[in-house]
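Here is the structure we will look at, set down as structure tokens.
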Amino acid sequence: LQEILVKLFKEYISKCLYMIDIKYKINCKNSLLKLMNFYNRILQLHPWKSQMIISGFLMGTGDVISQTVLEGHRSYNFFEFDRTFRFVFLGTFYTGPLVWAWFVKLDKIFVGHSLLSVIKRVALDQLLFSPVSYTGFILFLGFLQRLNFENIKEKWKTDFRQIYLTNLQLWPAVQLLNFYFIPIQHRLFVTKCVGIFWNTYLAWQTNQISRPRSFKLEREKQYRSVGYLMVLMVWT
């Protein structure tokens, strides 16, 4: 009798746990759906504000990761809060609105979602927009760091080529998938999610001592062919 009661009790507990698990999964799914619906509604009602806030938050996150993980500034005394603020500010008032406006403009320049149209968008994005946006980023970051014009110019010479060549290793593939599969209102979010890792790199790169010129020339040689290929795609 005792064994039967124990067996029944175990079955009862097992069923209870199963029902709890089902309810938990349903609640999580419903909560996620509600969150996504809320996010989509905010994007539709306030596209510019929402894109700016998301961009600022994710760029700040990238700098925090850079400082704590790559540079080991885990102590409160060593963490540079002003540096993180600069990245949040640039993400909110520079990168966010600039990238969003560019995505809208690209959709007007290249109408349709054919593969060739998407490839042309990616090529124009990487050959025109990326160099201009990175130049502006380094320029405004220098202003926020209170550097004089000569120092900003030296910083551009030090950082721009390395940033752009590394960009060619990651972003053409990301943007190809982004432009082909993702609706326009979600593209900035996708780029910024991938961009958490990219922003971590940007934060690290723009706060490093310059590397030897031979290292930069080797990277340029590796990615030059990518640039030539994208030029051909734009004019095809």
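Be aware that the sequence shown starts at -15, since it is given in my numbering, and climbs by one per residue.
Every residue, glycine too, gets a C-beta built ideally from N, C-alpha and C.
query: Among L108, L100 and S98, nearest to K89 - alpha-carbon criterion; result: L108
query: Cβ-Cβ distance between L131 and G46 below 8 angstroms; result: no
query: Three or more C-beta pairs below 8 angstroms linking the region 94 to 111 and the region 59 to 79; result: no
query: Buried versus exposed call for V53 [16 or more other C-beta atoms within 10 Å across all chains shown]; result: exposed
query: Top-ranked residue by Cα proximity to I38, from T175, Q192 and T184; result: T175
query: Residues of its chain near P196, where Cβ-Cβ distance is below 8 angstroms and the 5 sequence neighbours each way are ignored; result: Reliability fails at P196, whose pLDDT of 44 lies under 50, so the model's placement of it is uncertain and the value that follows must be treated cautiously. Taken in chain order, the list of residues that qualify is empty.
query: Neighbourhood of I49 by C-beta, 6 angstroms cutoff - its chain only, sequence neighbours within 5 removed; result: T184
query: Assigned secondary structure, G40 (DSSP; H/G/I helix, E/B strand, else coil); result: helix
query: DSSP three-state assignment for T221, whether helix, strand or coil; result: Here the chain has residues from -15 to 220 only, and residue 221 is not among them.
query: Environment of S59 [buried if 16+ CB atoms lie within 10 Å]; result: exposed
query: Cut-off 7 angstroms between Cβ atoms - residues of its own chain near F144, not counting five sequence neighbours on either side; result: Y118, T119 and I122
query: Reference N162, options T150, L149 and G179, closest by Cα; result: G179
query: Member of F94, V158, W182 and V72 whose CA lies at the smallest distance from the CA of F124; result: V72
query: Test item: CB-CB of G96 and M36 under 8 angstroms; result: no
query: Local Cβ density within 10 Å of R70, reported as buried at 16 or more and exposed below that; result: buried
query: Backbone secondary structure at H170 - three-state DSSP; result: helix
query: Three-state secondary structure (DSSP) of E64; result: coil
query: Of the residues L111, Y23 and L128, the one placed nearest T190, counting alpha carbons only; result: L128
query: Cβ pair L41, L172 closer than 8 angstroms; result: According to the sequence shown, residue 41 is Phe rather than Leu. Not a contact, by the Cβ cut-off of 8 angstroms.
query: Outcome for Q192 when other beta-carbon atoms lying within 10 angstroms are tallied against a minimum of 16; result: exposed
query: Check whether G75 and G44 have beta carbons under 8 angstroms apart; result: yes
query: Length of the line joining the Cα atoms of L152 and L82; result: 19 angstroms
query: First through last residue of the alpha helix (DSSP H) which encompasses R145; result: F133 to F165
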